[in-house]
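Asks:
2 protein chains.
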Amino acid sequence: MAVGLGSFPVIPSIPGVRFAAMEAGVKKANKKDVVVFELAEGSAVAGVFTQNQFCAAPVRVCREHLAKAKPRYLVINTGNANAGTGKSGMQNALHTCETLANLTGVALEQVLPFSTGVIGEPLPVAKITKVLPDALASLTSEGWQNVGLGIMTTDTLPKGAYRQIELSGETITIGGISKGAGMIRPNMATMLGYVFTDAAVDQMALQSLLKQTTDQSFNRITIDSDTSTNDSCVAVATGQAANAVITDFSEGDGAKFAAAFLEVMQELAHAIVRDGEGATKFVTVEVKGAKVQSDATKTAFEIAHSPLVKTALFASDPNWGRILAVVGRAGVENLNVDTVSLTINGCEIAREGGRSPEYNEEAGQAAMNPEEIHIVVDLGAGDASDTVWTTDFSHEYVTINAEYRT
Amino acid sequence: MAVGLGSFPVIPSIPGVRFAAMEAGVKKANKKDVVVFELAEGSAVAGVFTQNQFCAAPVRVCREHLAKAKPRYLVINTGNANAGTGKSGMQNALHTCETLANLTGVALEQVLPFSTGVIGEPLPVAKITKVLPDALASLTSEGWQNVGLGIMTTDTLPKGAYRQIELSGETITIGGISKGAGMIRPNMATMLGYVFTDAAVDQMALQSLLKQTTDQSFNRITIDSDTSTNDSCVAVATGQAANAVITDFSEGDGAKFAAAFLEVMQELAHAIVRDGEGATKFVTVEVKGAKVQSDATKTAFEIAHSPLVKTALFASDPNWGRILAVVGRAGVENLNVDTVSLTINGCEIAREGGRSPEYNEEAGQAAMNPEEIHIVVDLGAGDASDTVWTTDFSHEYVTINAEYRT
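In order, the protein sequences belong to chains W and L. Anchor point for the first sequence: position 231 equals 231 in my numbering, and the numbering is continuous, going up by one each time. Throughout, my numbering is defined as the position within the second sequence, counted from one, plus 406.
1. For residue 14 of chain W and chain L, any beta-carbon pair shorter than 7 Å?
2. Which residue marks the beginning of the beta strand (DSSP E) containing residue 378 of chain W, and which one marks its end?
3. To the nearest angstrom, how far is the alpha carbon of residue 302 of chain W from that of residue 326 of chain W?
4. Quick one: grab the DSSP three-state call for residue 552 of chain L.
5. Against chain W, with Cβ distances strictly below 7 Å, would residue 741 of chain L count as a contact?
6. Could you give the distance in angstroms between the alpha-carbon of residue 553 of chain L and the alpha-carbon of residue 754 of chain L?
7. On the premise that residue 604 of chain L lies in contact with residue 579 of chain L, defined as a C-beta separation below 8 Å, what is that separation, rounded to the nearest angstrom?
8. Report yes if the CB atom of residue 180 of chain W is closer than 7 Å to the CB atom of residue 21 of chain W, and no otherwise.
9. Are the CB atoms of residue 534 of chain L and residue 490 of chain L within a distance shorter than 7 Å?
10. Under DSSP, the alpha helix (DSSP H) around residue 294 of chain W begins and ends at which residues?
11. Could you check where the beta strand (DSSP E) with residue 744 of chain L kicks off and where it finishes?
12. Between which two residues does the beta strand (DSSP E) containing residue 191 of chain W stretch?
13. Using a cut-off of 8 Å between C-beta atoms, extract the partners of residue 773 of chain L located in chain W.
14. Please tell me whether residue 384 of chain W has its Cβ less than 7 Å away from any Cβ of chain L.
15. Just checking: is the beta-carbon of residue 786 of chain L within a distance shorter than 7 Å of some beta-carbon in chain W?
16. Quick one: any contact between the segment 308-316 of chain W and the segment 211-223 of chain W, if contact means 3 or more CB pairs under 8 Å?
17. Locate the beta strand (DSSP E) running through residue 389 of chain W, then write down its first and last residues.
18. Answer with yes or no whether the minimum CB distance from residue 485 of chain L to chain W is below 7 Å.
19. Helix, strand or coil: which one does DSSP assign to residue 80 of chain W?
20. What does residue 163 of chain W pair with, by DSSP beta-bridge criteria?
21. Residues in the segment 32-56 of chain W with C-beta within 8 Å of chain L's C-beta atoms, listed in sequence order?
22. Taking all protein chains shown into account, do 16 or more other C-beta atoms lie within 10 angstroms of the C-beta of residue 760 of chain L, making it buried, or fewer, making it exposed?
23. Less than 6 Å between C-beta atoms, sequence neighbours within five positions excluded: which residues of the same chain meet that for residue 613 of chain L?
24. Going along the chain, which residues of the segment 216-229 of chain W sit with their C-beta nearer than 8 Å to a C-beta in chain L?
25. Measuring CA to CA, which of W:44, W:50, W:280 is closest to residue 4 of chain W?
26. Please classify residue 33 of chain W as buried or exposed, where buried requires at least 16 other C-beta atoms within 10 Å of its C-beta.
27. Using a Cβ-Cβ cut-off of 6 Å (strictly less than) and excluding sequence neighbours within five positions of residue 516 of chain L, which residues of its own chain qualify?
28. May I have a chain-ordered list of the alpha helix (DSSP H) segments no shorter than 4 residues that lie completely inside the segment 454-520 of chain L?
29. What residues from the segment 78-97 of chain W come within 9 Å of chain L, judged by C-beta to C-beta, listed N to C?
30. Where does the unbroken alpha helix (DSSP H) through residue 616 of chain L begin, and where does it stop?
31. Output, in chain order, the set of chain W residues within a Cβ distance shorter than 9 Å of residue 726 of chain L.
32. Can you tell me which of W:8, W:332, W:59 puts its alpha carbon nearest to the alpha carbon of residue 191 of chain W?
33. Cβ of residue 395 of chain W less than 7 Å from any chain L Cβ?
34. Mind checking who residue 232 of chain W pairs with in its DSSP beta bridge?
35. Could you pull out every residue in the same chain whose Cβ sits closer than 6 Å to the Cβ of residue 95 of chain W, ignoring the five residues on either side in sequence?
36. Going by DSSP, name the residue or residues bridged to residue 263 of chain W.
And the structure:
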């Protein structure tokens, strides 16, 4: 049911990055479910992780390892989140890293582990470590679709994006993959996102760029308001390209790089929404005219989370009163309802807090029919704005989540 | 699909209260959709209203009128919320009051208007005023079920509750009705709730009791996290009984009255949850062991709002990892996940942040099967606690809300 999600792009090889996707049978047979990335020595690596305090064991390990060393390997399994697993969960995450470190001769801290899948069940760690030698033997820099497939859970399609730009006359590539379709309301990161570039980027600068663009991409999508225990997004700059090391993004090559990086991040984030569980619509919620940005952000998220708005979107029903009701409860201080207007796909529905005089149901229905919906709420109180992306709420969402474990 | 909601109780006559329910054809033919209450002169009347800033015109009028005069009439219509209707909405609400005031010889400010139904469509005010003379001619003090039916929208059953207690040797009655099944996450009040008593209660004391018990009843229920534009709850004490006027609730008759009043409020609030749109479960979410009550309150509401928890409840799936994931994102400061435990219907599932050693899926499944589910989360951090009541999230919810207007 993915909305407007094309086939997986042919991402070029990115010098300094090799990968492999294996079938380990973590939860199901005949599915690629373990992915290994190898990063060239000296790569700058930045990460952002879930703010859910019940974070998974691999997230804890990632945070610790990133603080101590420059990563050389990422190891990712699907089918099991290794979250809510207590002490044995930590041991299992560390054991995976240790096995890979021993096989490759790097330090334990140079391996970052990631898990995604069911929460609360013991990680079948032996199944994962068993395939690591074969993974290392089959490392390649081509066939990104395989690693896109290898990190999927309830996703229906693999998700990838890339951009190529010229820096000082040399073509560099920014490419990545993401996954996620449910339990999606990232807070500082997405379910799983990985962005790689061969450009040379300063480590601190990369971390700051990742944080900033996450706030304009993964941190602005929501499917069901549930922040995952395993959200992780990692950016890798291998520095194999000959560009001058990028240290800031305010102008020149830095600005060019940051713009392309943001585009890749947004395309990966939007891909998660387009493949949202049961999604039949891709919905952009833009709130403008706010006094402060936080008013715009919270109003946009409240609209995107409202079950009543989402079921109306599923029905293509211009039931705009439900949107105004959310605006009224979103916690905007001193909201003046008489300055609020609402437009859907260019059709002005409400103005000055009530129905627009020119509005009729026929026009509203026409505006709600497309798969891509753009809701614009203008609070009429200032110049601040924000945008979030979400899906509708369908029978299929209930079916998927009432049957996920069975 | 109402869960454990019995037949409408035979509420006794309450001296000082008369009512009528009429068929006005506001939205549909052959449905009681306008209700009028007449209150004895001198009745104490207290009200709490939605905190949604996009509140409906009748809510604005109610607030103004209550501040100016002692109400003698309540007039309620279903089928149209008169919300998001701008200036003409205010005019229509006032016109309804004015018509009733002229017919009865009371002041305009002594009439309180209430509306519930679709948001954003003009109120067909002429249909409502047309039935008011017949309503006045047929006022009665018996047959509460008719007014319970007369305020329903997507409710499948009318909702009422009452208690009788002895005060100074005299039997007094506390009885009321409520409605609501969707757009339910009351904030200071419910969709519509009305509680009447013939006891003599001081006006200020009644207002304080209503506010306090609302926080233990209507303000602790949620069906879909959407706070309505029209929530209103009104308490009326006609003072027709011979008890000494109640002025505080700390001891004696006051305490006895307050306890019975709370029971009626909770039964009416629970009835809304039991009849929640698409509900197949009645779910009590209790969070204890919190450092401060606000931690317990927000955690309980976040669990009650999570689409993933609600769909797991629909499937009777003990997918407890989803509950822990919500606890982790609920915003409890300095949450120690290693002290968190989780019990469902008496079955301990998680302890010290991970699965209980004795837990098995069979026991979890057995705990999730009943219609009535009691989730207890112990944060292990203090003595504060709170409880909210909610429903599961079913296909029927999607169907109802994707088809409500058509």
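Where is the CB? At the ideal position from N, CA and C, for every residue including glycine.
Replies: Taking the coordinates as given:
1. On the first sequence, residue 14 of chain W is found 14 positions in, with the first residue counted as 1. Cβ-Cβ to chain L under 7 Å: no for residue 14 of chain W.
2. For the purposes of this step, residue 378 of chain W is identified with residue 378 of the first sequence, where counting begins at 1. First-last of the beta strand (DSSP E) with residue 378 of chain W: 372-378.
3. Numbered from 1 along the first sequence, position 302 holds the residue referred to as residue 302 of chain W. Numbered from 1 along the first sequence, position 326 holds the residue referred to as residue 326 of chain W. So the alpha carbons of these two residues sit roughly 7 Å apart.
4. Stepping through the second sequence from its first residue, residue 552 of chain L is reached at position 146. In the structure shown, residue 552 of chain L sits in a helix (DSSP, three-state: H, G or I).
5. Taking the second sequence and counting its residues from 1, the one referred to as residue 741 of chain L is at position 335. So, interface residue.
6. Position 147 of the second sequence, counted from the start, is the residue given in the question as residue 553 of chain L. Position 348 of the second sequence, counted from the start, is the residue given in the question as residue 754 of chain L. Whole-angstrom Cα-Cα distance: 44 Å.
7. For the purposes of this step, residue 579 of chain L is taken as the residue at position 173 of the second sequence. For the purposes of this step, residue 604 of chain L is taken as the residue at position 198 of the second sequence. About 6 Å separates the two Cβ atoms, so the contact holds.
8. Start at 1 with the first residue of the first sequence, and residue 180 of chain W comes out as number 180. Start at 1 with the first residue of the first sequence, and residue 21 of chain W comes out as number 21. Not in contact: residue 180 of chain W and residue 21 of chain W (Cβ atoms no closer than 7 Å).
9. For the purposes of this step, residue 490 of chain L is taken as residue 84 along the second sequence, with counting starting at 1. For the purposes of this step, residue 534 of chain L is taken as residue 128 along the second sequence, with counting starting at 1. Against a cut-off of 7 Å, the Cβ pair of residue 534 of chain L and residue 490 of chain L comes out as no contact.
10. Here the question's residue 294 of chain W lines up with position 294 in the first sequence. Residues 293-305.
11. Locating residue 744 of chain L in the second sequence gives position 338, where the first residue counts as 1. Neither: residue 744 of chain L is in no beta strand (DSSP E) and is coded neither H nor E.
12. Sequence index remark: in the first sequence, residue 191 of chain W carries index 191 (1-based). Here residue 191 of chain W belongs to no beta strand (DSSP E), and DSSP marks it neither H nor E.
13. Translated into the one-based positions of the second sequence, residue 773 of chain L becomes position 367. Going along chain W, no residue has its Cβ under 8 Å from residue 773 of chain L, so there is no contact; the nearest lies around 15 Å.
14. Mapped onto the first sequence, residue 384 of chain W falls at position 384. Cβ-Cβ to chain L under 7 Å: no for residue 384 of chain W.
15. Stepping through the second sequence from its first residue, residue 786 of chain L is reached at position 380. No, its Cβ sits nowhere closer than 7 Å to a Cβ of chain W.
16. no
17. Here the question's residue 389 of chain W lines up with position 389 in the first sequence. Looking at the DSSP string, the run of the beta strand (DSSP E) that includes residue 389 of chain W is 384-390.
18. On the second sequence, residue 485 of chain L is found 79 positions in, with the first residue counted as 1. Not an interface residue.
19. The residue you call residue 80 of chain W lines up with position 80 of the first sequence. Looking at residue 80 of chain W - three-state DSSP - the assignment turns out to be strand.
20. Locating residue 163 of chain W in the first sequence gives position 163, where the first residue counts as 1. Paired residue(s): W:174.
21. 51, 52, 53, 54, 55
22. By one-based count along the second sequence, residue 760 of chain L stands at place 354. Buried, by the Cβ-count rule.
23. On the second sequence, position 207 is the one that residue 613 of chain L refers to. Contacts found: 452.
24. 224, 225, 226, 227, 228, 229
25. Translated into positions along the first sequence, residue 4 of chain W becomes position 4. Minimum Cα distance to residue 4 of chain W is reached at W:280.
26. Residue mapping note: residue 33 of chain W aligns to position 33 of the first sequence, counting from 1. Under this definition residue 33 of chain W is a buried residue.
27. As a position in the second sequence, residue 516 of chain L is number 110, starting the count at 1. Answer for residue 516 of chain L: 475, 477, 478, listed in chain order.
28. 463-474, 492-510
29. Under the 9 Å Cβ criterion, the segment 78-97 of chain W contributes 81, 83, 84, 85, 86, 87, 88, 89.
30. The residue labelled residue 616 of chain L in the question sits at position 210 within the second sequence. It spans 609-620 - the alpha helix (DSSP H) in which residue 616 of chain L sits, taken as one unbroken run.
31. Position 320 of the second sequence, counted from the start, is the residue given in the question as residue 726 of chain L. 84, 119, 120, listed in chain order.
32. On the first sequence, residue 191 of chain W is found 191 positions in, with the first residue counted as 1. If we check each option's Cα against that of residue 191 of chain W, W:59 comes out closest.
33. Reading the first sequence from its first residue, position 395 is the one you call residue 395 of chain W. Judged by the 7 Å Cβ criterion, residue 395 of chain W is in contact with chain L.
34. As a first step, residue 232 of chain W must be located in the first sequence, where it is residue number 232. Under DSSP, the beta-bridge partners assigned to residue 232 of chain W are W:49, W:192.
35. Your numbering for residue 95 of chain W matches position 95 in the first sequence. Result list for residue 95 of chain W: 125, in chain order.
36. By 1-based counting over the first sequence, the position of residue 263 of chain W is 263. The partner list for residue 263 of chain W (beta bridge, DSSP) is empty, contrary to what the question assumes.
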